[in-house]
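Colleague: Got a structure for you, questions after.
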Amino acid sequence: HSRGVAVPACRAHGRVAQGEVRFVICEALNGTPLRRLDGQVEIKALAEFVAHLHQQGVYCRSLHLGNLVRLGDGGIGLVDVQDTRFCSGPLTLRQRERNLGILCSHPEDLAWMRQGGSWSELVMAYSRASHLSLAQAADLRERVRLQIERRGARRALRRRQDFPASAAEILTPQGVRGR
Numbered sequence: 001h002s003r004g005v006a007v008p009a010c011r012a013h014g015r016v017a018q019g020e021v022r023f024v025i026c027e028a029l030n031g032t033p034l035r036r037l038d039g040q041v042e043i044k045a046l047a048e049f050v051a052h053l054h055q056q057g058v059y060c061r062s063l064h065l066g067n068l069v070r071l072g073d074g075g076i077g078l079v080d081v082q083d084t085r086f087c088s089g090p091l092t093l094r095q096r097e098r099n100l101g102i103l104c105s106h107p108e109d110l111a112w113m114r115q116g117g118s119w120s121e122l123v124m125a126y127s128r129a130s131h132l133s134l135a136q137a138a139d140l141r142e143r144v145r146l147q148i149e150r151r152g153a154r155r156a157l158r159r160r161q162d163f164p165a166s167a168a169e170i171l172t173p174q175g176v177r178g179r
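Each residue of the sequence shown is one higher than the last, beginning at 1 in the working numbering.
The following block contains the structure:
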């Protein structure tokens, strides 16, 4: 446990290829990824876990349901700690907003967010667990909504850049252009 959060024990870490590639070797954290629980995760429990992370100063840049596991005791653990920062105090509202935006807009989790509840419900449950005022909760909800929109627009733009708009873009007089 790190700061009261179940995380895998790290055995080694470092950089390879002149420091361009980072690696972390950890023991497995026994549990089932929340993404595989098909909406059987209570929004309140997830919100309370994320609020606890943030109160403890844990900022996970890859916070999504595939990196959170349901532990045998019913709790939730964090399995990907490579992109995690441990701040000296609770996260700022701006950091919380960005982190919730990551969680609420992950492509593989959007369907779950629609089935088990909405991102808005998660943010409001988070706000209650974090003891935010109504004004702070409304502001956080709006800021997370904007984060979700921005992330969705960036994903759409990347998809358009990855795939040609028409067959004419990949055809040449000699045939199909190599990619």
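By construction, the Cβ of each residue, glycine as well, lies at the ideal position given by its N, Cα and C atoms.
#1: Give the range of the beta strand (DSSP E) segment to which Val123 is assigned.
#2: Bridge partners for Phe23 per DSSP, in chain order?
#3: For Arg159, which residues of its own chain have a beta-carbon under 8 Å away from its beta-carbon, when the five flanking residues on both sides are left out?
#4: Span of the beta strand (DSSP E) holding Cys60?
#5: Kindly indicate which three-state DSSP category Arg145 falls into: helix, strand or coil?
#6: By the 10 Å Cβ neighbour count, where 16 or more other Cβ atoms means buried, how is Asp80 classified, buried or exposed?
#7: Go ahead and label Val16 buried or exposed: buried means 16 or more other beta carbons lie within 10 angstroms of its beta carbon, across all protein chains shown.
#8: According to DSSP, simplified to helix, strand and coil, what is Gly77?
#9: By Cβ distance below 8 Å, which residues in the same chain neighbour Glu108 in space, the five residues on each side in sequence not counted?
#10: Leu68 lies in the beta strand (DSSP E); which residues open and close that run?
#11: Measuring straight from C-alpha to C-alpha, what distance separates Ser120 and Gly101?
#12: Could you check where the beta strand (DSSP E) with Arg85 kicks off and where it finishes?
#13: Determine the closest residue to Trp125 out of Gly77, Val50 and Arg145, with distance taken between C-alpha atoms.
#14: Strictly by DSSP, which residues pair up with Thr32?
#15: What is the residue span of the alpha helix (DSSP H) that Gly89 lies within?
#16: Pick out whichever of Val123, Arg154, Gln18 and Arg141 has its Cα sitting closest to the Cα of Ile43.
#17: So what's His64 in DSSP terms, helix, strand or just coil?
#18: Does the segment 87-101 touch the segment 130-149, meaning 3 or more C-beta pairs lie closer than 8 Å?
#19: Secondary structure at Leu140, three-state DSSP: helix, strand or coil?
Modeller: Considering the structure as presented:
#1: According to the DSSP assignment, Val123 belongs to no beta strand (DSSP E) but to the alpha helix (DSSP H) extending over Trp119 to Ala129.
#2: Gly14
#3: Excluding residues within five positions, none has a Cβ falling inside 8 Å.
#4: Val58 to Cys60
#5: helix
#6: buried
#7: So Val16 counts as exposed.
#8: strand
#9: In chain order, Arg35, His64, Leu65 and Gly66 place their CB closer than 8 Å to the CB of Glu108, counting only its own chain and leaving out the 5 sequence neighbours on each side.
#10: Leu68 to Arg70
#11: 11 Å
#12: Run containing Arg85: Thr84 to Phe86, per the beta strand (DSSP E) assignment.
#13: Here residue 125 is Ala; the residue named in the question, Trp, does not match the sequence. Out of Gly77, Val50 and Arg145, Val50 has the C-alpha closest to the C-alpha of Ala125.
#14: For Thr32, which the question treats as bridged, DSSP gives the partners Arg70.
#15: Counting along the chain, Gly89 falls outside any alpha helix (DSSP H), and DSSP gives it neither H nor E.
#16: Val123
#17: Coil.
#18: yes
#19: Helix, per DSSP.
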